[in-house]
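Protein chains in written order, with the working numbering: chain A, 1 to 527; chain B, 1001 to 1535.
Below: one structure, written as C-alpha cells.
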Amino acid sequence: MKKLMRFVRPEVPALLQAGMIAGISLSMSVGLLACSAWLISMASTRPPILILEVAIVAVRFFGLGRGIVRYFARIREHDVALNIQTKIRQSIYSTMEERMPTQLIGVQRGKILQGVVSDSEAIQDLWLRIALPWIAALVSGASGIGIIYWLDHPFGVLAGIIFLAAMFVIPFVSILTSAGSEQRTTEEELFDGFIQACDSIEESLVFGTNESVRNELMKTQERISASEKKLASVAGISESLQMLFAGSTIALAIISSAHAFLTGIIPGANIAVIVLIPLAIYDGLPTTFAAFSQVTTLVKRAESLAPYLEPIAPDGVPHQLSHDDVTLKFTDLVPDTVKGRLLPVSAEASPGKPLVIQGRSGCGKSSIINAILGFVGYSGQITEIDPGSTSVMLQSDHLFATSIRENLKIGRPEVSDREIMQILEVVELANLIYSMPEGLDTHIGPYGFNLSGGEKQRLKLARVLLRHTSVYLLDEPFEYLDAQMAQRIALKIERILVTKTLLIVSHLGLRLSGQSNTLGLVATMQH
Amino acid sequence: MKPLDPRLLRYSRSSRGFLLLSVLIAMSGAALSIAQAYLLTSLITGLFQKERAIEDMSSTMRILVTVFIGKAVLGYLSNFLSARFSTRIKSELREGLISKVIGGESDALHRLGPAELSLLMSRGINNLDGYFSKFVPQLFIAAIIPLTVGVAIALQDWKSGIIVICTIPLIPIFGILIGRFTAVATQKKMETLGLLSGYFLDLLSGLPTLKVYNRSKLQVKKLGEIGDKYRKETMKVLRISFLSSLALELVATLSVALLAVSIGIRLVNGSMTLTSGLIVLILAPEVYWPIRQVSAHFHAAQDGVSVSNQIFEILDAKAVNGSETVADIKAITWSELTVSYPNRSSITIPAGQLVAGKIHALVGPSGSGKSTLIAILLGFTQISTGEIIVSTSQGDFAFDQIEKNHWRSLLSWMPQEPHFASTTVGEIVNENESSLADVSLKISDLPNGMQTHIGALQDAISVGQKRKLALARAFAKPSALLILDEPTASVDDVSEEEINRSLEREAKSGRIILVASHRPTTIASATNTIKIAAR
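Next up, the structure:
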C-alpha cells in the first residue's frame, strides 16, 4: 500500500478537489430539503410572501445546481483516476524491464496479464468508488449537521457524533464481514488455467486431454461460485446498518426538537428542518458503504502489484558504438547448463571469418550463445563483448502484433523503407510483401497468426540484419526453412556482413565461404 | 444499446423467482416509505400546530421505530437476494464458456486469441455483476414504485400528483435518447480497452526481445502516450454518457423544487394544509429515487452488456459437425481445395490422396499452404470450396459427415510449435519409453529423466528436445493417421535417420503418414509426394 500511495500522492490535491465538488453537489440535496421544509412550515403560518422570497430562490437554486455540479464532479473523478492508472502501468512495466530477463521468465504469462491490466484497473476503485464517495458523504454530512447545529446546538453535537460513528463503524463492519474471501485467488487460477488451456487446445483435442482440462476449470469455477455465495450473505449488512443509524437520528431529532420547541429555544418552523435533514444526509450513503466490502480484495490486489511498483526510470538512450574489428573468442568453454554433457570447446570468429556451430539438439549450442551474452554461467574464457554493439537473434524472439514495418523498426528505428526492402530481398520475403495489399503496413495478427512458420522466422532474421553493429549472434536462424533456401540466405548474409563478426548456430550442414570455421559439437555419452 | 438484451433475459428466466421476490421486497419497502412519510408528518404537525407533548404521541413514535427496523430488514434481504441471483447467472455463463471453448465448438480462440478470451472469462463476466445484481431487478422496481408513490401523492394533493406523474415518463425518454447516443461511444471504449490489454500482453511477452534490441526503455514513454490516448477517448465517452444522468438529476431535483415552491404558495393562500404539504415533500424524492438508481446502475451495467454480446456470440456458436463414426481409414482423397484467410490471398491446395501404409511427404515453399492442409485434416480449418472423401472398410464418407471428436481420436499429430500441459515427460508419452527412442531423444539428456517436469513455460528442456518430445507424443498415440509438421526441422543428421526409420516402421504397420518437411533426406524416404506450389 505504501508503494501505491507514492504514485497516488501527486494526485492527492486533484482527488480531494474532486471529492469536494461531489460533496458540494450532495450538500445541495441537503439544502434543497432543508429549505423546502422551512418554506412549507413557514408558509403554513401565512406570513407576508416577501419573507418567503429568499427561501423560494434558494429552493430553485439547489434544485437546479445539484445535477449540474454532480456532472462536473463525475468528470473530474474519472479523469483523475485514469491518470493514476497510466502512471501505475508505466511503473509496472519499467520495473519488469529492469529485472529482465530472469524475473519475467519464471512468471506465468496469465499472471502478468492479470497483474498489469486487471489489477491496475481494479484498484482505481479504491479512490473512485471508495475514497471519493466517502469524502463527498463527509462534506455533505458536515454541511447538514452544520445547519442543525446552527438551529439547535445540543442536538447538532449529538447528531454529529452519530454521523461520525456511522461514517467509521459501517465501513469497518463492511470490511470485516467481507474479509477472508478467497475469490481473488480462485479467479486468478481460472484465468491462468484458461490461458494455458487456450494455448494448447488444439493438441488437447487431438490427444484427448481436453476432458481433464475442462474438469479442472469447472472445479475452479465452482470454488469461485461458492465464495461469491458467501459474500452474498453479508452484502446487505451495511445497508441495514445505515437504515438503523438514520432511523435513530430521526427519532432523536423528533424528541430533541419537541423539547427545544416547547422550551422556546427554536421556532416551530425549524422542527421540520431538523427532522428532515438527517433523512437527506443518510439517503445517499448506501452505495458509498456497499463499496467498502471490496476494500479487502482491492488492497490484496494492490499488494500483489507491489513488487512491480518502482519509480519510473528516465528513458535510456540505446548506445550504438560501432567500432568494427571485434574478435569473438572462447577457450575451453563449458556453459553451466550443459556441464558434464559437453566437452570443453574453443573457437573464434572475426570480421570476414564467420563461425558456424553445429550439433544435435540439446547438446548445448544455444547455451554457448547464452554464455557469451552472460545469461548463464560457464567455465573457461570468453572475450568480453559490448552488448551495445552486438545483435542477437534468439529462438525465443517475439514478433509483435503490429505492422510488419513496426516489427522491423525495432531493429533500427530510423531505418528507411528502401533499406527494409533490400533486407527483405536477402531473406526472400520481398515478393510476399509486394503481394500484400497493405505491404509493409500489414498487421501480423494475434501471435503472427497469418504468417507461416518460415515467414515468421525470416522476418525475425530481417529484423536482426537491419541493425548496425559489429557482432551478430544468430541462434538457429534458418529453422522451418528448406535446406536450399537456408543455404542461399546464409551465403547472402555472409556477403553483406563481411566486415562484421558473425556467429551462426544451426543444426543444418551449412556451407559458407572458405574463410569460415565450423565447430561441430558432440555431447558426451555419460551423464 | 438495448437496456435489456433478450438473450440475457433467457438466463434471467431461469431465476424468475428471484426477480419476483426482489419486486415484492421493493413493494413492501415503498409501503414502509409511505407509512414513514405519514408518521413523520403527523409527529411534526402534532408538535408545531397542536403543540402536543411528545409523551402524548408515544404510540406514533413506536410505530415509526418499527418502520425503521422493517426498512433495515428489507434492505438486507434485497441485497442478499440480488447478490445470489447474480452469482447463479455468472456461474452458468462461466460453465457455458468453458464447455464451448474447451470442447472446440467455437472458433473464438482463433478470432480473439487466448489473452482476450481469458479476459472475457474473468473480468468480462464480473462486469455482468452490476447488470444482474443491480440493474435488472432495479428495472422492474422502477417500473412499479414511482407510480405507486405517485398515486399516494395524488391522493394527498391532486395538483402535486399531476406534476409528479407527468415528469415520470420524461426520465425514461431522456434515458433512451441519450442511451442511443452513447451506444457507439461505449462500443468504442470497449474496443480501446481490449486493444490496450492485448497491447500489454504483447509488450510483456516480447520484453526479452525488446531488451535484447535495447528498445525496452523507450516503451515506457509509449505506454504513457497510449494511456493518455485511452484516457482522452474514455473521457470523451463519459462526458456524453454522464449527460443522461445529468438530465435525470435535473428532472428529479427540479420537480422537487417546483413542488416545494407551489406548495409553499398554496399554503400562504390557505388552499392547502401543512399535513398534505409535508407528506408530498417527503414522498417526492422517493418517486425519483428508483429511476435515478436505474440510471446509476445503467452506467455500471453498460460494460457488462457489451461484454455479454461477446459471450453470447461464443455460447450461441454452432460448430459444423457430422455424426458418422468410422472404424478405420483406408484412404483420404480430396479435390482442389481453397481456404480464405482475412487480410491475405486465399490458399489453394491441389487435389491429392493419402493411402494407408504409405509415407507421404508434403512439400512446397514456405507459406504455400502445408500447415493449412494439415489444419483442414485435423478439422480446425473450414474449407471454402472443394470436397474431401474418407474411404474406410465401411465405405466412403464425406469428411463433413464424420463426427469431429471421433475423427480426432483416430489421428495423431505433431504441431510446428508444440505446447504441453504442466506435467512430466512420462505422462506426455504415456510412460512409453520406446517412443522416446524412436525419435532419438535420450532419456539421459533430460534433467530428471522420465520425471522431468514440463512447466507452463516449458523451460526445462531445449527447443530441439521439446520438438522431439512432441514427436514422441505423436508416435505414442495409437492412430490410423499420423500427421507430422516439420518433425526434423531442428534435429541433426543422426537423429533424422533414426526418425525416418521409425516412420517407415509405422507405415508398414498400416498407418497413413503425412510429413510436412524441408529436409531432402526426409522427403526422399517418403513413398508418395504431395506438392503444393508457391502462391
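Where a beta carbon is used, it is the ideal one built from N, C-alpha and C, also for glycine.
As the structure is a prediction and not an experimental result, all values here were calculated from the model.
Cross-chain neighbours of residue i in chain A, by beta carbon under 7 Å
i       : result
B:F1080 : A232, S233, A235 and G236
B:I1263 : I40
B:K1071 : M243
B:I1044 : I271, A272 and V275
B:H1406 : Residues of chain A passing the Cβ test: none, with the nearest at roughly 11 Å.
B:T1087 : S225, E228, K229 and A232
Straight-line gap, residue i to residue j (C-alpha atoms, nearest Å)
i       : j       : result
A:D315  : B:K1221 : Low local confidence applies: a pLDDT of 41 at A:D315 is under 50, so the model's placement there is unreliable, with the coordinate-based value given in what follows. Using only the alpha carbons, I get a separation of about 8 Å.
B:R1519 : B:T1372 : 19 Å
B:A1476 : B:N1079 : 55 Å
B:T1521 : B:A1361 : 11 Å
A:V206  : B:P1478 : 12 Å
A:V30   : B:K1232 : 34 Å
B:T1087 : A:S225  : 6 Å
A:R109  : B:I1240 : Any reading at A:R109 is ruled out, since the residue's pLDDT is 48, under 50, leaving its predicted position unreliable.
B:I1461 : A:S366  : 11 Å
A:A253  : B:S1133 : 35 Å
B:S1384 : B:G1369 : 14 Å
B:V1439 : B:S1409 : 22 Å
B:E1504 : A:L394  : 34 Å
A:S233  : B:L1081 : 9 Å
A:A260  : B:K1229 : 59 Å
B:G1357 : B:S1495 : 23 Å
Chain B residues whose Cβ lies nearer than 7 Å to that of residue i
i      : result
A:Y71  : F1242 and L1246
A:L176 : Those within 7 Å of A:L176 in chain B number zero; the least Cβ separation is about 16 Å.
A:I420 : Correct list: empty, because the minimum Cβ distance to chain B is about 16 Å.
A:Q381 : The contacting residues do not exist; A:Q381 stays about 23 Å from chain B at best.
A:D397 : T1209
A:R89  : L1223 and G1227
A:V59  : A1257, A1260 and V1261
9 Å Cβ cut-off: residues of chain A touching residue i
i       : result
B:K1420 : Lys is not the amino acid found at residue 1420 of chain B; the sequence shown has Phe there. The answer, in chain order, is S200 and E203.
B:M1027 : Those within 9 Å of B:M1027 in chain A number zero; the least Cβ separation is about 17 Å.
B:Q1511 : The sequence shown places Arg at residue 1511 of chain B, not Gln. Here the premise fails: no neighbours, minimum Cβ distance about 15 Å.
Residue i CB to nearest heavy atom of the ligand MG below 7 Å
i      : result
A:S240 : In the structure shown, the ligand MG is absent, as is every other ligand, since no ligand is present at all.
Where residue i sits in the DSSP three-state scheme
i       : result
A:T390  : strand
A:P335  : strand
A:K353  : strand
B:E1095 : helix
B:N1448 : coil
A:Y447  : Bear in mind that the predicted position of A:Y447 carries a pLDDT of just 44, short of 50, making it unreliable; the figure below should be weighed with that in mind. A:Y447 falls in the helix class under three-state DSSP.
B:S1440 : coil
B:G1017 : helix
Whether residue i touches residue j by CB criterion (8 Å)
i       : j       : result
A:I404  : A:L440  : yes
A:V139  : A:Y149  : no
B:V1425 : B:T1529 : no
B:S1366 : A:E425  : no
B:F1174 : B:A1247 : yes
A:G141  : A:I281  : yes
B:E1403 : B:N1321 : yes
A:L502  : A:Q487  : no
B:D1242 : A:R129  : Residue 1242 of chain B is actually Phe in this sequence, not Asp. No.
Partners in chain B for residue i, counting only beta-carbon separations shorter than 9 Å
i      : result
A:H153 : Within chain B, no residue comes near A:H153; the closest Cβ sits about 19 Å away, beyond 9 Å.
A:G141 : Residues of chain B passing the Cβ test: none, with the nearest at roughly 17 Å.
Per-residue contacts from residue i into chain A (C-beta, under 8 Å)
i       : result
B:H1360 : None at all; the shortest Cβ gap to chain A is about 17 Å.
B:I1054 : I254, I255, A258 and H259
B:L1267 : I40, A43, S44 and R46
is_contact[residue i, chain C] using C-beta, thresh 8 Å
i       : result
B:W1158 : The displayed structure is made up of protein chains A and B, and chain C is not among them.
>> For a minimum of 3 consecutive residues, which ranges assigned as the beta strand (DSSP E) are wholly contained in the region 1462-1530 of chain B?
In response: Taking 3 residues as the minimum length, the beta strand (DSSP E) runs contained wholly in the region 1462-1530 of chain B are 1481-1485 and 1512-1516, in order along the chain.
> What beta strand (DSSP E) runs, 3 residues minimum, are completely inside the region 479-512 of chain A?
Replying inline: The qualifying runs are 501-505.
> Taking the runs of the beta strand (DSSP E) that are 3 residues or longer, which of them lie wholly in the region 1389-1434 of chain B?
Replying inline: DSSP runs (the beta strand (DSSP E)) wholly in the region 1389-1434 of chain B: 1395-1398 and 1411-1414.
> Can you list the alpha helix (DSSP H) stretches of 4 or more residues lying completely in the region 235-282 of chain A, in chain order?
Replying inline: Positions of the alpha helix (DSSP H) runs, each at least 4 residues long and wholly inside the region 235-282 of chain A, are given as 237-262 in order along the chain.
> Could you give the uninterrupted runs of the alpha helix (DSSP H) lying entirely in the region 1291-1365 of chain B, keeping only those of 4 residues or more?
Replying inline: Listed in chain order, there is nothing to give.
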